[in-house]
Each structure stands twice: as structure tokens, then as C-alpha cells.
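Protein chains in written order, with our numbering: chain H, 745 to 1056; chain G, 1460 to 1744. C-beta: ideal position from N, C-alpha, C; glycine also. Remember, predicted model here, so these are calculated numbers, not experimental data. Data first, discussion second: the structure below is written as C-alpha cells.
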Amino acid sequence: MAVGPRAIEVAGLARPGRLARLHEWWEREHVFGYGLILPALVLLVCLVAYPFFMAIYFSLSDYWVGSPGEFVGFDNFRAILANDVFHRTVWNSFVFTTIAVTLKTVLGVWLALLLARNLRFKRLIRGAVLLPWVIPTALSTLGWWWMFDSLYSVVNWTAIRLGIFDPPGPNWLGVTGYAMTAVISVNVWRGLPFFAITVLAGLVAIPREYYEAAEVDGAGSWHRFWHVTLPLLKPVIAVVTLFSTIFTFSDFNIVYILTRGGPVNTTHLFATLAYQVGLTGGNLGQGAAISLFLFPMLALVVFLQLRWIRKD
Amino acid sequence: MASVQSRGARIRSAAFGYSNVAPFVFFALFPFYFMLVTSLKPDTELYDLKAVPFLVQTGVIDDHYTFLFKKSDFATWMLNSLIVSVVATAVSLAISILAGYSLARLRFPGVNSFGTAVFITYLVPPTLLFLPLSQVVVWLGISDTIWSLIVTYPTFLVPFSTWLLMGYFRTIPKEVEECALVDGASRAQTLLRIVLPMAIPGIVCATLFGFTLTWNEYIYALTFVSQTANKTAVVGVTADLIRGDIYYWGSLMAGAVLASVPIVIVYVLFLDYYVSGLTAGAVKG
């Protein structure tokens, strides 16, 4: 007896209609997989990859706010590389990044070791230490700006009374070396919690047996730190340092609010200079060219991170 | 061979711990304390060089706070920040859950390259792309509105949340999913009813960080929006409360304190999630 399509339908064995075929197609692992990443892919292509190529195009053209310019080849780069302010910015960026990241690493490891101790109010202490990382940086930097005020600085008020500075004390944000010190201090203040908490997680993961073995061998606490703790923390420290390097190098908020790159451009970083040239000055072409100088650092960090992840 | 410490050694060790942690806690908290104190002081005391800056001596006042609500657009800025943070976080979360699950769990050609691409975009600093993006929002016709932020914030939230969630999805045993699929559940049902409930800690974490990162975002909000009424709290306070060379330090600090309050509340309620998320995802620092 021939079974007609009707019978199949009645029996609930739906004929492979369009909808069913679509459903079956959608259930395939690779179709479903591509389907789920599609929204993210569209977003990243349109709003990350495309703007990145636009930045390259801008940097090669005479593009001003409101007037798309013509292709000018490497003129913008030539102009930048001949500019003293840019030279100063390159120097500043390396000084700022090197000192800030070094301080954050050393103090971060030290703070992590302290936080790992069995102190009472442990949770409260961790909560307090992490706070600078959570509060909007732009707003807390306003607080630091006020603390470094040329006339009413609380830092100077205290230091003068402790006999560290002669009155009236340094004009923190108005004098070359002091301004860089101030900017680095705020960056360290803000970034330290990230180091401490991440290194702490690495520290907690070290099996106790290692320490016990070292103790049996009669190793002192410094010895234990140097030969047991530090080597085991190396991967965590490497990852955190790489992360911090790219985001310290590309910092904007702290410098923009505290000094706007001054005095006489001695605290300008790539991001603040790009903002000043590209938006305040309206020269989008040159601004984009300046911000593209962040790219080699990004590429280096990505390369090292990926190598590290593959190794794990 | 547990080392038994004497009472004296224990006390010495604790004293060492506290006395070394104390400077860090002081360093971390003092700026916030000082901002709060400043916001509660009358101007006469604020600009008196002889007064002790650490305390309010001539009486606590709320003038600086009332100034924010009566003479500035502070309330509007807070509302803008809230809308932008909630919408951008929700949209990014939806996109990231799908992408994170796919990249962590499904096998298809190119899955590893996509994972790497997400990781690379996660490392791209916003300061690299703000200039071209400022033109993109002009072309989209959303420049100078809060939409410019709602549309662009997912560019840093999605890579971050996807990366974070991938880690959480990987911890869910594969057998659970396989059972559901064998029982006849569709893939979408498996994701929605089986996997998602198990990934809730990760989703909470991604939500918290999403809200924090968007609320705190500065350079896009500063660049794309110039109308006072459309600014976010962070930009409104830093840009519009400062006029010329005269600084209204009292109201400026009051604005900085109040605009941080939503983040502080969320932070206090979910402290442990922040700590675990920070270590799980190695968040942008």
C-alpha cells in the first residue's frame, strides 16, 4: 500500500518542508556556530576593523574636520617626524610607560604578598585597595588635580609642615619634572590594584607543598620568595605587565585632565597629542597618523601575548 | 612538618602585615576622602591657606551639592550615563553570550582564528580608534547624541565580555549539553535552558564589568558629544563644571563624588565578582 504525503503528515512525520529543512540546516554545528558569532563579527568588522583602515587612510590624506582631503602619501608622517613636539611625545611615552609599569609591577607584587597574609579584615582591605581601579578614572583624577593645585595643594601643605619642602612647595603641574612625576603617580595609583589582585590570584594558586619543601631545606623567607614564589609567578606577572604596557602607553584620561600635555608639551602622550592635533586643531589626517604610532606597541604586545598563550 | 609559631612570633608577623598594608590602604583611599571633605566645605575655608585641609572646621554644608542640581545639568548627565550604560551593556552582553558560547564550545572551520581575532580587538586601546570613529558617528547621523555612545561602546565591551564568557563556558561539563541534545533539544534550547543557567556567575561578572567600563568611559564620550544636555556624568563633571580660570572646587568635587556613587554601590554589593572577574579575564588595566 502506497503511503501518500497526507498520511505522513497525519502521522506527525512532517514531510521535509522548507521550514523543517531550514531547521535541520540550522542545527548543524558549523551553521549554528557561524550564526552565533555573526552579530559580533559584523560589529567588529564595521566598528573596529573598518575604522582602523580609515585611520590609515586619514593618515595618508589631507583630511580636516568637515573637509575630506586628498591623498597626500606620507606627508603627514613626514611632518610629524620633523616636529619637536612629536619627538618630545615619543620620549615622554617611553619614560611614562617604563617608570609607571616598573613601579606597578614591583609594588603590585609586594602588595599581593601582603594581601596573601592571613590578616583580619582581609576582604575589607582588598575592597579598599581595589577601589581606585573601579572609580571612574576621570573623576578621581579631578581629585588628584585638586591635590596638586598650585596654591592649595594638600600634598605641599603636608610636606611643608613635615619639613620636606620649603614653602610654598613645588608647583606640581606647572614645572617639567614635577608634572611627569604627578602624572606617573596617578597612573600607578590607579593601576596598582589590577597588578596586586591578579598577582594575588597567581599566588594563591601555588601549592603549599612547594613552600614546605623549601622550609625543610632550611630556606629563609627571602630565599623562598626568590627561588620558589617568583619563578612560579612569572607567567602571571608577564601577562599582567604586557596588558598594562599597552594600556599605559595609550593612556589619555590622566594626562588630559591633569596637564593637557603641558607644561610645554613635557607630559604629552600619543593619545593626548592625537586629540590635540586631530580634534582641537581639526587636523584629522595628522591626528590619525599620530595615534597610529600606538600600533607597533599594540602589535608587539599582541605577538608576545599570543606566543605566551600558545605556550601554556 | 607544620611549623608551630610562638605567640610572640605570631604577633610580630601580624604587626608586620598590618603596618605594611596600611600605607597602601591610605594611598588608595586618601584621594576619595579628600574629595569628600572638599565637597562639604564652605568656600571661605576651602581657600583659606591657614586652615587644616583634612577636616571641615567651620561646619559641613551641602551648598556644593545643591548647586549641582539647581545650577547645572548634573541630573541629566546622570540619567544619560544610566541609559548609555544599561543599553550598551545589555546589547553587548547578548552579542557576547552568543559569540562566547560559539567560540568556546562549537567546532567549525576558523573557530580558532575568530577566537584570536576577538582577543586582538580586546587589546586595541580606544585611543587608537577615536578619531575615525568620530567621523563614523557623523556619517551615521548620530553625532552629538547619546546614541553615538550606545553604538560605539560595544566595540570594547563585546571583545572583553566574549573573552570573559568563553572562560566560563569552558568550565561547564560537555556531557550536560550532549545529554540535552540526545534528548531531542535543539541547539538553541540547549544554550538557553541548559548552558546559560550554569553560566550565571560569568554573566553577572560580564554585566558588572560592562556597567563599570561604560559608566567610566571617557575619551569617546568627550569626543563624540559636545552638547551639554547629551553628556555623560563623567564628561559633564570634568568639562562643564570648570569655567575659565576660576575653579569651583567645591562643586567639582561634589560632582565627582556623586557621579561615582552608582559604581561604588554596585562595587560594594558585588565585590567578590569584581575580584574573580579581574583575575579570570585579566581585564584592561
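Within the region 900–920 of chain H, the residues whose Cβ lies closer than 7 Å to some Cβ of chain G are Trp-901, listed in chain order. Using a Cβ-Cβ cut-off of 7 Å, Phe-776 of chain H is close to Leu-1565, Arg-1646 of chain G, given in chain order. In the DSSP annotation of this structure, Gln-1686 of chain G is not part of any alpha helix (DSSP H), being labelled neither H nor E.
Of G:Val-1545, G:Phe-1533, G:Pro-1490, G:Leu-1527, the smallest CA-CA separation from Pro-1512 of chain G is found for G:Pro-1490. The C-alpha of Ile-990 of chain H lies about 19 Å from the C-alpha of Lys-978 of chain H. Legend: CB atoms of the region 1015–1031 of chain H lying less than 8 Å from CB atoms of chain G belong to residues Ala-1015, Ala-1018, Tyr-1019, Gly-1022, Leu-1023, Leu-1028, Gly-1031. Taking a 10 Å sphere around the C-beta of Ala-1033 of chain H, we find 16 or more other C-beta atoms and assign the residue as buried. Residue contact check for His-971 of chain H against chain G: no CB pair falls below 9 Å. Here Ile-843 of chain H carries a helix assignment [DSSP, helix/strand/coil].
Taken in chain order, the whole alpha helix (DSSP H) runs of length 4 or more contained in the region 1479–1538 of chain G are 1502–1505, 1522–1530. Within the region 999–1010 of chain H, those residues whose Cβ lies closer than 9 Å to any Cβ of chain G are, in chain order, Tyr-1000, Ile-1001.
If the five residues before and after Thr-1010 of chain H are omitted, its C-beta is found closer than 7 Å to the C-beta atoms of Arg-832, Asn-836, Thr-920, Ala-923, Met-924, all from its own chain and listed in chain order.
Under the 9 Å criterion on CB atoms, Thr-1666 of chain G is classed as non-interfacial with respect to chain H.
Cα atoms of Tyr-1560 of chain G and Ala-823 of chain H: separation of roughly 47 Å, rounded to the nearest angstrom. Between Phe-1683 of chain G and Ser-1602 of chain G a beta carbon distance of about 6 Å is seen, short of the 8 Å cut, so the two are scored as contacting. Comparing C-alpha distances from Thr-942 of chain H to each of G:Phe-1526, G:Thr-1503, G:Thr-1738 shows the shortest one belongs to G:Thr-1738. Contact of Thr-842 of chain H with chain G is not assigned, every C-beta pair being separated by 9 Å or more. Assignment of beta-bridge partners to Phe-815 of chain H by DSSP yields H:Ser-805. Annotation: Arg-1646 of chain G to Pro-1660 of chain G spans about 22 Å, alpha carbon to alpha carbon.
Residue contact with chain H for Val-1654 of chain G: absent (no Cβ-Cβ distance below 9 Å to any residue of chain H).
Ranking G:Val-1654, G:Thr-1697, G:Tyr-1732, G:Ala-1665 by CA distance to the CA of Val-1716 of chain G puts G:Thr-1697 first. Less than 9 Å separates the beta-carbon of Tyr-1627 of chain G from that of Cys-1664 of chain G. Taking a 10 Å sphere around the C-beta of Ile-1609 of chain G, we find 16 or more other C-beta atoms and assign the residue as buried. Val-809 of chain H places its beta carbon less than 9 Å from that of Gly-1026 of chain H. In this structure, DSSP gives His-1012 of chain H a state outside helix and strand, which the three-state scheme calls coil.
For Val-1720 of chain G, the closest C-alpha among the options H:Leu-883, H:Pro-937, H:Val-948, H:Gln-1020 is that of H:Leu-883.
The contact set of Ile-1554 of chain G on chain H, defined by CB atoms closer than 8 Å, consists of Pro-783, Ala-784, Leu-787 in chain order. Between the alpha carbons of Ala-945 of chain H and Val-983 of chain H lies a gap of roughly 13 Å. Neighbours of Trp-890 of chain H in chain G, taken as residues at a C-beta separation under 7 Å, are given in chain order as Thr-1497, Trp-1708, Met-1712. Against chain G, the beta carbon of Met-798 of chain H has neighbours under 8 Å at Pro-1591, Gln-1594, Val-1595, listed in chain order. When DSSP states are grouped into helix, strand and coil, Gly-1569 of chain G belongs to the coil group. DSSP places Pro-795 of chain H within a helical segment (H, G or I) once states are collapsed to three. Residues of chain H whose Cβ lies closer than 9 Å to the Cβ of Tyr-1726 of chain G are, in chain order, Gly-871, Leu-874, Leu-875, Val-878, Ile-879. Collapsing the DSSP output to three states places Trp-916 of chain H in coil. The shortest C-alpha to C-alpha distance from Phe-996 of chain H to any of H:His-774, H:Phe-776, H:Tyr-1019 is the one to H:Tyr-1019. From the beta-carbon of Pro-1660 of chain G, no residue of chain H is found nearer than 7 Å; the closest lies around 16 Å away.
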